[in-house]
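Residue numbers (my numbering): 1340 to 1626. Single-structure report; data block below.
In structure tokens:
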């Protein structure tokens, strides 16, 4: 393991176990879920298993990119959503600092950077597009090195916000170039994803602000209430859904910029959107 220049002080909630099956808890955050309550191998049960929607939705997206042009970049973007879920699963199961940084926090930066790449590469060819890939690789590497040596969560949050700002700005520019019907569909799916994401963020903050009260409430009313009131677990579920929808919206916009009439949004099981090519209708000449 690489040493960190600035030591990270582990954070432990009062009364919580600081050591488990995977060793000491070295993470800089201890979430509002009691440790090792349900399983001996999982530090935070609900914060761990609530990452499964991330994995399933990411896999769903990968499988349904078949037949799309530039499939590799779209499939990789959906795979990134699944990998965020895997990384977060491992982190919350172990509460290990290296898992927190390299499997949970930095993958958020990498997937966001890939999303920015996809939307920057959409549209007509231009000389500056040859610089996009190396510039974004350098950006991701710079964030990685700085955050590893100086693990300040504010830096991570600002880096993530900066990438999201660039992506949103590029989305806005491209939305002005597509037909109104495509623009409406893009707005619908992108906004629904963003609102779901923000709802998860709001619930998580309630968890942070009222952790002591919620902990007492959970202990009084039993395991079912305890599971349903895990705000960070709901953050995982809702951001998995919202993030997946945003990726579908970006994919649809990127493809429709090149061929506005060639693609549409479909759904699996009535609730999981994906992008597909429109069926071509053959017109037979009247005899």
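From the three backbone atoms N, C-alpha and C, an ideal C-beta is built for every residue, glycine too. On a predicted model such as this, the values are computed, not experimentally measured, just so you know.
Inter-residue spacing [alpha-carbon to alpha-carbon] between residue 1358 and residue 1366: Approximately 11 Å, taken between the alpha carbons.
Sufficient close CB pairs (3 or more, under 8 Å) joining the region 1488–1501 to the region 1524–1544: Contact between the region 1488–1501 and the region 1524–1544 is not established, with fewer than three Cβ pairs separated by less than 8 Å.
Between the CA atoms of residue 1584 and residue 1608 - distance to the nearest angstrom: Looking at the backbone, the Cα of residue 1608 and that of residue 1584 are separated by about 15 Å.
Within 7 Å, strictly: CB atoms of residue 1413 and residue 1407: Contact flag set, yes.
Exposure of residue 1536, with buried meaning 16 or more beta-carbon neighbours within 10 Å: In summary, residue 1536 is buried, with 16 or more beta-carbon neighbours lying within 10 Å of its beta-carbon over all protein chains present.
Of the listed residues 1355, 1615 and 1534, nearest to residue 1577 (C-alpha basis): Checking every option, the nearest Cα to that of residue 1577 belongs to 1534.
Backbone secondary structure at residue 1376 - three-state DSSP: Residue 1376 falls in the coil class under three-state DSSP.
Closest residue to residue 1569 among 1474, 1405, 1370 and 1399 (Cα-Cα distance): Taking only the C-alpha atoms, the option nearest residue 1569 is 1370.
Cβ-Cβ distance between residue 1396 and residue 1588 below 7 Å: When the beta-carbon positions are compared, residue 1396 and residue 1588 stay at least 7 Å from each other.
Three-state secondary structure (DSSP) of residue 1357: Coil at residue 1357, not helix or strand.
For residue 1601, three-class secondary structure by DSSP: Residue 1601 falls in the coil class under three-state DSSP.
Close Cβ partners of residue 1355 (< 7 Å) along its chain, the five nearest in sequence each way excluded: For residue 1355, where only same-chain residues beyond five positions count, the Cβ hits under 7 Å are 1369, 1373 and 1374.
Close beta carbons around residue 1633, own chain, < 7 Å, minus the five adjacent residues each side: Because the chain spans 1340 through 1626 in this model, residue 1633 falls outside it and cannot be assessed.
Between the CA atoms of residue 1590 and residue 1521 - distance to the nearest angstrom: Each residue's alpha carbon lies about 12 Å from the other.
Whole-Å CB distance - residue 1450 paired with residue 1420, under 8 Å assumed: Indeed they touch by this definition, with Cβ atoms about 7 Å apart.
For residue 1387 and residue 1431, the rounded distance between their alpha carbons: If I take the Cα positions, the gap works out to 5 Å.
Contained alpha helix (DSSP H) runs [length at least 4] in the region 1382–1445, N- to C-terminal order: Within the region 1382–1445, the complete alpha helix (DSSP H) runs of at least 4 residues fall at 1384–1388, 1391–1402 and 1410–1433.
Own chain, CB closer than 6 Å to residue 1470, minus 5 neighbours either side, in chain order: Correct list: empty, nothing qualifies.
Ranges of the alpha helix (DSSP H) found wholly within the region 1513–1564, counting only runs of at least 4: Complete alpha helix (DSSP H) runs here, min 4: 1519–1548 and 1550–1560.
Bridge-paired residues (DSSP) for residue 1612: DSSP output for residue 1612 lists 1606 as bridge partner(s).
Supposed contact pair residue 1479 and residue 1448 - C-beta distance, whole angstroms, cut 8 Å: Yes, residue 1448 and residue 1479 are in contact; Cβ-Cβ is about 6 Å, under 8 Å.
Helix, strand or coil at residue 1623 [DSSP, three-state]: The pLDDT assigned to residue 1623 is 48, lower than 50, so where the model puts this residue is not dependable, and the model offers no usable value.
CB of residue 1429 within 7 Å of CB of residue 1418, strictly: Taking the C-beta atoms as reference points, residue 1418 is found no nearer than 7 Å to residue 1429.
Euclidean distance between Cα positions of residue 1567 and residue 1384: Residue 1567 and residue 1384 have their C-alpha atoms some 12 Å from each other.
Exposure label - residue 1404; buried when at least 16 CB within 10 Å: That one is buried.
Environment of residue 1548 [buried if 16+ CB atoms lie within 10 Å]: Counting Cβ neighbours within 10 Å, residue 1548 comes out exposed, since fewer than 16 surround it.
Sequence-distant residues of the same chain with beta carbon closer than 6 Å to residue 1626, five excluded per side: Any reading at residue 1626 must be qualified, since the residue scores a pLDDT of 42, below 50, and its modelled position is unreliable; no value is offered.
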